[in-house]
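Enquirer: Below you'll find the structure I mean.
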Amino acid sequence: MIATIRTDSTSLGQRLRQAREAAGLTQNDIADHFKIKRVSVTQWEADTTRPSMERLPELAALLKTDVAWLLDASGAAPVPVVREPKQRASRTPIIPGDELVGGRDLPIYAAAMGGEGHMIVTFEAIDWVKRPAVLQNVRGGYGILVRGESMIPAYWPGDTALVNPHLQPARDSDAVFFHTPPKERGDEEAIIKRLVGMNDREWTLEQYRPAKTFTESRVDWPICHRVVGKYNAR
C-alpha cells in the first residue's frame with residue numbers, strides 16, 4: 046500500500062483565516078453570527094483555541110467551504126468572492142437649503158491631504174455658514190471640507206461634513222477621528238470613516254475606495270466626533 050503524502054502544512058487557524066478572507070468577512074462578522082466575542086475568533090485563527098466540532102459545519106457553511114477542508118485541507122481551497130463596494134441604505138443626509146437656520150455662525154475648516162490617506166485639518170475658519178437644524182444651538186459644531194477619495198460615493202472631495210462633537214460614538218454612523226482634541230487654532234491629523242464596530246480597545250472602520258474594513262487603536266485615535274449631515278459640493 047502506498048501512503049499518501051500531504052503537502053499542505055497550514056494549520057486550522059490559518060485555513061479559517063484564509064476562508065474568512067476569501068468569503069469577504071471580518072472577524073466581527075463571524076463573532077456576530079455565533080454571538081460570541083471577536084477575540085474568540087482571533088484565538089481560533091491564531092491556533093490558541095479551536096472551534097468546537099459541533100460548530101464546524103455551521104462555520105464551514107458561513108465561510109462557503111466544507112468541514113474536510115477546514116480540518117485537513119482535503120479538496121479545493123475556497124475561491125475569493127469578488128464583491129462590489131457596499132452601498133449602505135443609511136447615508137449621512139445631504140442638508141437642503143430650507144433646513145438651514147439662524148445666522149452664519151457655523152465655522153468651516155479646510156483640510157489638506159496627509160500621509161496614508163489622512164487629512165490635516167486646519168482649525169482656523171475659512172468660512173462661516175448657516176447651520177442645519179441638526180446643529181442648531183450645538184456648541185462647538187463645525188464643518189470640514191473633505192479631501193481624498195476613500196469615502197466616495199458617501200463624500201466627494203469638496204463636500205462639507207457637518208460635525209456634532211458631543212454625540213457619543215455609534216455603530217453604522219460616519220465619524221471624524223483625531224489623535225488629540227482639536228484646538229481653537231492649529232492643525233490636527235484626522236480621518237473620516239464609517240464606524241461599523243467598536244470595543245474598549247479599537248474602532249472597526251469602513252471605507253469605500255478601495256473598499257475595505259479595518260481596525261484602528263483607540264489609544265492612537267481617541268477622539269471620535271459624529272458626522273450628522275453634509276453640504277454637497279456637486
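For the sequence shown, our numbering begins at 46 and goes up steadily by one.
Note that CB positions come from ideal geometry on N, CA and C, so glycine has one too.
Only a predicted model underlies this, so the values are computations on that prediction, with no experimental measurement involved.
Within the same chain, show all residues whose beta-carbon is closer than 6 angstroms to that of E103, passing over the 5 residues directly before and after it, in chain order.
Expert: Once the five neighbours on either side are set aside, E103 has no close Cβ partner at all.
Enquirer: With three or more beta-carbon pairs closer than 8 angstroms as the criterion, would you say the segment 238-251 touches the segment 176-194?
Expert: No, they do not touch.
Enquirer: When you compare each of L108, K238, V112, E90 to E99 by their alpha carbons, which one comes out closest?
Expert: The candidate whose alpha carbon is nearest that of E99 is V112.
Enquirer: Using a Cβ-Cβ cut-off of 8 angstroms (strictly less than) and excluding sequence neighbours within five positions of E233, which residues of its own chain qualify?
Expert: Cβ neighbours of E233 beyond the five flanking positions: I165, V166, F168, F223, H224, T225, P227.
Enquirer: Taking 7 angstroms as the threshold (beta carbon to beta carbon), is T258 in contact with chain B?
Expert: Judged by its chain identifiers, the structure shown contains no chain B, having just a single protein chain.
Enquirer: Let me know the secondary structure DSSP gives A134 once reduced to three states.
Expert: With a pLDDT of only 40 at A134, under 50, the local geometry of the prediction cannot be trusted, and the value read off the model is given with reservation. A134 falls in the coil class under three-state DSSP.
Enquirer: Indicate the three-state DSSP secondary structure (helix, strand or coil) for R149 in the structure shown.
Expert: Strand.
Enquirer: For T49, count neighbouring C-beta atoms within 10 Å of its own C-beta (all shown protein chains included) and say buried if the count is 16 or more, exposed if not.
Expert: For T49, the pLDDT reaches just 41, beneath the cut-off of 50, and the residue's location in the model is therefore unreliable, leaving the point undetermined.
Enquirer: Considering only DSSP beta bridges, list what M243 is partnered with.
Expert: BP columns for M243 point to W248.
Enquirer: With a threshold of 6 angstroms, establish whether the CB of W201 neighbours any heavy atom of the ligand MG.
Expert: Absence of the ligand MG from the depicted structure is noted, as is the absence of any ligand whatsoever, leaving it without description.
Enquirer: To the nearest angstrom, how far is it from the Cα of G203 to the Cα of A118?
Expert: One C-alpha to the other measures close to 49 angstroms.
Enquirer: In whole angstroms, give me the CA-to-CA distance for G274 and A67.
Expert: Approximately 34 angstroms between the Cα atoms of the pair.
Enquirer: Could you tell me the boundaries of the beta strand (DSSP E) in which A256 lies?
Expert: Counting along the chain, the beta strand (DSSP E) containing A256 begins and ends at 256-262.
Enquirer: Quick one, are the C-beta atoms of N73 and R83 less than 7 angstroms apart?
Expert: Going by C-beta atoms, N73 is nearer than 7 angstroms to R83.
Enquirer: R263: which of Y276, L240, P255, A278 sits nearest, CA to CA?
Expert: For the residues Y276, L240, P255, A278, the minimum Cα distance to R263 belongs to L240.
Enquirer: Counting only the same chain and skipping the five closest in sequence on each side, list residues whose C-beta sits under 7 angstroms from that of G159.
Expert: Closer than 7 angstroms at Cβ, skipping near neighbours: I165, E234.
Enquirer: By DSSP, does N209 sit in helix, in strand, or in coil?
Expert: Reduced to three states, the DSSP call for N209 is strand.
Enquirer: Would you call the CB atoms of P152 and A178 closer than 7 angstroms?
Expert: No, the pair does not count as a contact, with Cβ atoms beyond the cut-off.
Enquirer: Would you call L116 buried or exposed, if buried means 16 or more other Cβ atoms sit within 10 Å of its Cβ?
Expert: Counting Cβ neighbours within 10 Å, L116 comes out exposed, since fewer than 16 surround it.
Enquirer: So which of T94, R65, T71 has the shortest CA-CA distance to A106?
Expert: For A106, the nearest C-alpha among the options comes from R65.
Enquirer: Between which two residues does the beta strand (DSSP E) containing G218 stretch?
Expert: Correcting the residue identity first, residue 218 is Ser in this sequence and not Gly. S218 -> beta strand (DSSP E) spans 218-223.
Enquirer: Would you call the CB atoms of S195 and R254 closer than 7 angstroms?
Expert: Yes, these two residues count as a Cβ contact at 7 angstroms.
Enquirer: List the residues that DSSP assigns as beta-bridge partners of H270.
Expert: Beta-bridge pairing links H270 to V221.
Enquirer: With DSSP run on the structure shown, which of helix, strand or coil describes L57?
Expert: Helix.
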